[in-house]
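Visitor: First residue of the sequence shown? That's 1 in full-length UniProt numbering, and the numbers climb one at a time after it. C-beta: ideal position from N, C-alpha, C; glycine also. Sharing a structure below in structure tokens format, with a few things to ask.
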Amino acid sequence: MLTSVLPLDSRVAIVTGSSQGIGRAIAIELSSLGLKVVVNYSNSKIAAEKVVKNITENGGEAIAVQANVANSEDINKLIDTTLNTFGRIDILVNNAGVTRDKLLLRMKPDDWQTVIDLNLTGVFLCTQAVIKIMLKQKSGRIINISSVVGEVGNPGQANYSAAKAGILGFTKSVAKEVASRSITVNAIAPGFIDTNMTKDIEKENILQSIPLRRLGTVKEVAGLVKFLAVDPSAAYITGQVINIDGGMVMN
Ligand code: NAP
């Protein structure tokens, strides 16, 4: 049945990297609407199980599934477990991401490869795995978490910026490939959001570059994902990059 006409509590979402931070907030936001949620994690089993507990204690349905998004066998396991447990996949949020910041001259090939593998190849593997299911369903929504640095760059983040920029091209190409089957694919470009990933940045300098003069919250990002993932009006939005950055990048 088409996702757009399926009741919210019959829809199933996979959120990669949802043991903490933005992914955790997205998993909780979607589950609060009644969606069944797969909380994916790589290492943080206890944190992921806490997210599931939070969801189930509030009347929702969720499972935690360990899978490294950069490993295709793990992704097959993630998809199989989701289908065996919930029977379908309506929404994929490609959120898992890491940083290995270094100026280019000091960047080791491993710093480059790890970030490309997790942040970009992971998006490819997860999207390719779910798209087969969505094509058969003739419905689905995919939301890729990129970053403002994929649009404008950032010193010390050549690896991360390249991966996040890659997500933007990937999003637009796949959006064009699958639009005829009513599947939408969009990217979100957050600015600085208050999570573990940004806990060590020098806030004073950063705030000068943000017109709204504050970091964003995970709840704000989750709200935008919710709109793209379930709102009926979002069915006509595809191949877009939506910034949520306090005005840092005005396209
Ligand atoms: P975070 O707090 O560091 O959380 C990262 C999440 O990704 C964790 O749940 C982690 O789980 C998971 N993860 C890492 N490697 C993984 C792998 N190989 N396979 C599966 N899961 C993996 O980061 P965040 O700030 O919430 O960022 C979430 C996304 O937003 C990332 O894509 C990031 O690049 C993007 N973003 C963040 C900001 C920001 O300011 N925070 C800005 C722009 C974009 P484990 O602990 O289990 O590994």
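Assess, as a yes-or-no matter, whether the segment 108 to 117 is touched by the segment 190 to 210 under the definition of 3 or more beta carbon pairs within less than 8 Å.
Guide: Contact between the segment 190 to 210 and the segment 108 to 117 is absent, because fewer than three Cβ pairs lie under 8 Å.
Visitor: Should A67 be listed as close to the ligand NAP, given that the test is whether its C-beta is under 7 Å from any heavy atom?
Guide: As a working note, residue 67 is residue 67 in the sequence shown. Flag set: Cβ of A67 near the ligand NAP.
Visitor: Report the option in Q66, E29, V69 and N43 whose CA atom is closest to the CA atom of I55.
Guide: The residue given as residue 55 occupies position 55 in the sequence shown. It is E29.
Visitor: Going by the DSSP bridge assignment, what does L92 pair with across the sheet?
Guide: The count along the sequence shown starts at 1 and reaches residue 92 at position 92. Answer is I14 and I142.
Visitor: For R24, which option in S233, V241, T85 and K219 has the closest C-alpha, if you only look at C-alpha atoms?
Guide: By one-based count along the sequence shown, residue 24 stands at place 24. Taking only the C-alpha atoms, the option nearest R24 is K219.
Visitor: For a test of the three-state rule: what should DSSP assign to K164, helix, strand or coil?
Guide: Taking the first residue of the sequence shown as 1, we reach residue 164 at position 164. DSSP places K164 in helix when its eight states are reduced to three.
Visitor: Which residue from T121, L215, S32 and I201 puts its Cα closest to that of N58?
Guide: Taking the first residue of the sequence shown as position 1, residue 58 is located at position 58. Of the candidates T121, L215, S32 and I201, the one whose C-alpha sits nearest the C-alpha of N58 is S32.
Visitor: From this set, Y236, A234 and T198, which residue's C-alpha is nearest I22's C-alpha?
Guide: Walking along the sequence shown from the start, residue 22 turns up at place 22. Checked all of Y236, A234 and T198; the closest Cα to I22 is T198.
Visitor: Near L228, which residues of its chain fall below 8 Å by C-beta distance, leaving aside the five closest residues on each side in sequence?
Guide: Reading the sequence shown from its first residue, position 228 is the one you call residue 228. Cβ neighbours of L228 beyond the five flanking positions: R141, I143, T184, N186, I188, A234, I237 and I242.
Visitor: Heavy atom of the ligand NAP less than 7 Å from the Cβ of T195, yes or no?
Guide: Within the sequence shown, residue 195 is the residue found at index 195, counting from 1. Within the cutoff, so yes.
Visitor: When the Cα of I46 is compared with those of A64, L35 and G34, which residue comes out closest?
Guide: Here residue 46 refers to the residue found at position 46 of the sequence shown. Considering only alpha carbons, the answer is A64.
Visitor: Taking G246 as the reference, which of G191, E151 and P232 has the closest Cα?
Guide: Looking up residue 246 in the sequence shown gives position 246. The candidate whose alpha carbon is nearest that of G246 is G191.
Visitor: Helix, strand or coil, according to DSSP, for I201 in the structure here?
Guide: Taking the sequence shown and counting its residues from 1, one reaches residue 201 at position 201. The answer is coil: DSSP assigns I201 none of H, G, I, E or B.
Visitor: Would the segment 149 to 162 count as touching the segment 131 to 138 if we require 3 or more Cβ pairs under 8 Å?
Guide: Touching, no, given that fewer than three Cβ pairs across the two stretches are closer than 8 Å.
Visitor: Look up A62 in the DSSP assignment and say whether it is helix, strand or coil.
Guide: To locate residue 62, count along the sequence shown from 1; it is residue 62. DSSP places A62 in strand when its eight states are reduced to three.
Visitor: How far does the beta strand (DSSP E) with residue 252 in it reach, from first residue to last?
Guide: Nothing can be reported for residue 252, as the shown portion of the chain is limited to 1 through 251.
Visitor: Kindly indicate which three-state DSSP category V184 falls into: helix, strand or coil?
Guide: The sequence position of residue 184 within the sequence shown is 184, counting from 1. The sequence shown places Thr at residue 184, not Val. Correct three-state label for T184: strand.
Visitor: By the DSSP assignment, the alpha helix (DSSP H) with K219 in it spans what residues?
Guide: Mapped onto the sequence shown, residue 219 falls at position 219. Start and end: V218 to V230.
Visitor: Report buried or exposed for N40, applying the criterion of at least 16 other Cβ atoms within 10 angstroms of its Cβ.
Guide: The residue given as residue 40 occupies position 40 in the sequence shown. The residue in question, N40, is buried, as its Cβ has 16 or more Cβ neighbours within 10 Å.
Visitor: Return the chain-ordered list of same chain residues with a C-beta closer than 6 Å to the C-beta of S182, the five sequence neighbours on each side being excluded.
Guide: As a first step, residue 182 is located in the sequence shown; it is residue number 182 there, counting from the start. Here the set comprises K138 and S139.
Visitor: Given the structure, does A182 come close to the ligand NAP, in the sense that its CB is under 7 Å from one of the ligand's heavy atoms?
Guide: Here residue 182 corresponds to residue number 182 of the sequence shown, with the count starting at 1. Reading off the sequence shown, one finds Ser at residue 182, where the question assumed Ala. Every heavy atom of the ligand NAP is 7 Å or more from the Cβ of S182, so no.
Visitor: Rounded to whole angstroms, what is the Cα-Cα separation between S72 and A165?
Guide: For the purposes of this step, residue 72 is taken as the residue at position 72 of the sequence shown. For the purposes of this step, residue 165 is taken as the residue at position 165 of the sequence shown. Their Cα atoms are separated by approximately 22 Å.
Visitor: Rounded to the nearest angstrom, how far is the Cβ of I26 from that of S18, given a contact under 8 Å?
Guide: Sequence index remark: in the sequence shown, residue 26 carries index 26 (1-based). Sequence index remark: in the sequence shown, residue 18 carries index 18 (1-based). Confirmed, about 6 Å.
Visitor: What is the C-beta distance between L118 and V149, in whole angstroms, given that I count them as a contact (C-beta under 8 Å)?
Guide: Numbered from 1 along the sequence shown, position 118 holds the residue referred to as residue 118. Numbered from 1 along the sequence shown, position 149 holds the residue referred to as residue 149. Not really, about 15 Å apart at Cβ, beyond 8 Å.
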